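Everything below concerns the one structure shown next.
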Amino acid sequence: MKCSSRICVLFLVLMFTSTGSLAKWFEKKQGIMGTNIHVELWSDSDALGEAATEAVMNEMRRIDELMSPYKASSELSQLNESAAKGPVTVSKELYELISLAVELSKETQGAFDITFASVGFLYDYRENKKPDQVNISKLLPAINYRHIQFIEVSHSISFANENVKIDLGGIAKGHAVDNSIAILKKMGIKHALVTAGGDTRLLGSRLDKPWMVGIRDPRNKDKQAVVLPLVDIALSTSGDYERYFEENGLRYHHILSPKTGTSAYEVQSVSIIGPSSTLNDALSTAVFVLGVQKGMDLLNMTPGYDGIIVDNSRKLHYSNALIE
Ligand code: ADP
Ligand code: MG
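Take any residue in the sequence shown, note its place counting from 1, add 845, and you have its number in my numbering.
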């Protein structure tokens, strides 16, 4: 056999991987939590590979049942229904996620605020529906994370204002992705990608390569604005293109400024890179609301977390650690 040594080595490696090992990639995509769930993982057993992808889908469904604002039976809906009347005892998981969300409100000058839903519930982006100014003004005082009161010993929560509603749409998917990665690790998986909508976390590498994760062009879904080689880290993107409608030349989209109860307009997308998908998710929403200057200031003060912003004139901005 005549060949250059490099081609021979490659040939032998291919022979070995196709006959000597049963390890392969497993992949599954499903629509859960109102978004696209995607899992890819490497396993040397069919049974484990199938069980692991299914375990991720089950975790996504479990969190949807617990935290969906659209399901009357969810713990979140029941909290919204009763917490203005008095303390409601919730699961440890929900209690801790809501506590974290409120901590993040404090750290983002109120830009991330799960009580945005006090006004936010009046928008229906699929039906081109938005509240009028009279209703926004009436409900705006209910947007304030300080209305959420905690009783640690009993894991109970109450609302100090009768119009408060909360929604975890800006943090629950990140939480679900972190939980999924923890489940995969426990099952012995070493290489995986889990995505829920704009939230992605990577376990290890893509075997001998990094994962290539794209940040899409906010105005063209078939184009990437940036592609990043990433290993063992997470990336979340918040964009004004996920859920929106247009009226009289204005874009009404799903990221709301807690100050005004209307869509935040300074940027088109924000991507955050950091170890926790839960924090990336909340930070991408917060930085979207804060805009370029305040958003970058926040990221440059937050160790371990970096960001890329596409502003309204489609210019890219990078946090300090990415350009150093
Ligand atoms: P997605 O991955 O669905 O695009 P994002 O991380 O971009 O989610 O967050 C958008 C979601 O966050 C909205 O659909 C809404 O549920 C919630 N949200 C909107 N504005 C705020 C805000 N100011 N603070 C916290 N959550 C918000
Ligand atoms: Mg988010």
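In this text, a Cβ means the ideal position worked out from N, Cα and C, and glycines have one as well. In this text the structure is predicted, and so the values were computed from the model without any measurement.
Which listed residue (the options) has its alpha carbon closest to that of residue i
i, options, result
"Thr1147", "Leu1124, Val1155, Leu942 and Thr1130", "Leu1124"
"Thr1130", "Ala956, Thr1105, Val1058 and Ile988", "Ala956"
"Gln954", "Tyr1110, Val1112 and Lys1104", "Lys1104"
"Leu867", "Ala892, Gly879 and His883", "Ala892"
"His1162", "Gln1138, Gly879 and Ser999", "Gln1138"
"Arg991", "Ile959, Ala896 and Met905", "Ile959"
"Lys937", "Gly931, Leu911 and Lys930", "Leu911"
"Ile988", "Asn1006, Ile996, Phe995 and Val1058", "Asn1006"
"Glu1111", "Leu1095, Ser1121 and Asp1126", "Leu1095"
"Ser1158", "Ala1079, Gly1136, Gly1152 and Ile943", "Gly1136"
"Glu997", "Phe871, Leu1101, Pro1055 and Pro932", "Pro932"
"Ser1114", "Ser1108, Leu1080 and Gly1084", "Gly1084"
"Pro1055", "Met905, Leu1075 and Phe966", "Leu1075"
"Tyr970", "Glu1169, Ser1121, Val1155 and Ile1100", "Ile1100"
"Gly894", "Glu1169, Val979 and Lys869", "Lys869"
CB of residue i within 8 Å of CB of residue j, strictly
i, j, result
"Tyr1086", "Pro1063", "yes"
"Val1039", "Val884", "yes"
"Gly1119", "Val1132", "no"
"Met1032", "Ala946", "no"
"Gly1106", "Ile981", "yes"
"Ser927", "Pro914", "no"
"Asp1077", "Gly1049", "yes"
"Asn1060", "Thr1082", "Looking at the sequence provided, one finds Ile at residue 1060 rather than Asn. Yes. Within cutoff."
"Ile1153", "Val1072", "no"
"Gly1042", "Thr880", "yes"
"Ile1034", "Ser888", "yes"
"Ile1002", "Leu924", "yes"
"Ala1079", "Leu1052", "no"
Other residues of its chain near residue i: CB distance less than 8 Å, five sequence neighbours each side excluded
i, result
"Ile908", "Met878, Ala1017, His1020, Ala1021 and Asn1024"
"Leu1066", "Here residue 1066 is Lys; the residue named in the question, Leu, does not match the sequence. The residues are Tyr1086."
"Met902", "Lys873, Gln875, Ile877, Ile882 and Val884"
"Glu904", "Ala1021, Asn1024, Ser1025 and Ile1028"
Whole-Å CB distance - residue i paired with residue j, under 8 Å assumed
i, j, result
"Thr934", "Ser999", "6 Å"
"Leu886", "Leu1029", "6 Å"
"Val1009", "Leu985", "With 8 Å as the limit, Val1009 and Leu985 do not qualify as a contact, their Cβ atoms being about 12 Å apart."
"Ile973", "Glu1092", "The displayed chain sequence assigns Asn, not Ile, to residue 973. Their Cβ separation, rounded to whole angstroms, is 7 Å, which keeps Asn973 and Glu1092 in contact under 8 Å."
Other residues of its chain near residue i: CB distance less than 6 Å, five sequence neighbours each side excluded
i, result
"Lys975", "Tyr968 and Tyr1097"
"Phe1004", "Ala928, Ala929 and His992"
"Leu939", "Glu920"
"Phe856", "Low local confidence applies: a pLDDT of 46 at Phe856 is under 50, so the model's placement there is unreliable, with the coordinate-based value given in what follows. If we look at Phe856 and ignore the five residues flanking it on each side, it has no Cβ neighbours."
"Thr898", "Phe871, Lys873 and Val884"
"Ala962", "Lys1010, Ile1011 and Asp1012"
"Leu949", "Phe957 and Ala1127"
"Phe966", "Lys1010"
"Asp1156", "Val1112 and Val1137"
"Lys1160", "none"
"Ala1037", "Leu886, Leu1029 and Leu1048"
Beta-carbon contacts of residue i that lie in its chain and below 7 Å, excluding the five residues immediately before and after
i, result
"Leu1128", "Ile1117 and Tyr1150"
"Gln1069", "Gly1059, Ile1060, Arg1061 and Asp1062"
"Val858", "The predicted position of Val858 is uncertain, since its pLDDT is 46 and thus under 50; a value taken from the coordinates is nonetheless stated next. So no residue of the chain qualifies."
"Leu1144", "Val1132, Tyr1150, Asp1151, Gly1152 and Ser1164"
"Ser944", "Phe995"
"Ser1122", "Gly1019, Val1022, Asp1023, Asp1044, Arg1046, Ala1079 and Ser1081"
"Met1057", "Val1072 and Pro1074"
"Lys951", "none"
Any chain C beta carbon closer than 8 Å to residue i
i, result
"Gly879", "The chain inventory of the structure shown lacks chain C, comprising one protein chain alone."
Review point. What residue ranges within the stretch 1054 to 1128 form continuous alpha helix (DSSP H) runs of no fewer than 4 residues, ordered along the chain?
Key: none
Point to revise | Length at least 3, wholly inside the stretch 909 to 946: the beta strand (DSSP E) runs in chain order | key: none
Check your understanding: Which full runs of the beta strand (DSSP E) of 3+ residues lie inside the stretch 953 to 1008, going along the chain?
Key -> 993 to 996 and 1001 to 1004
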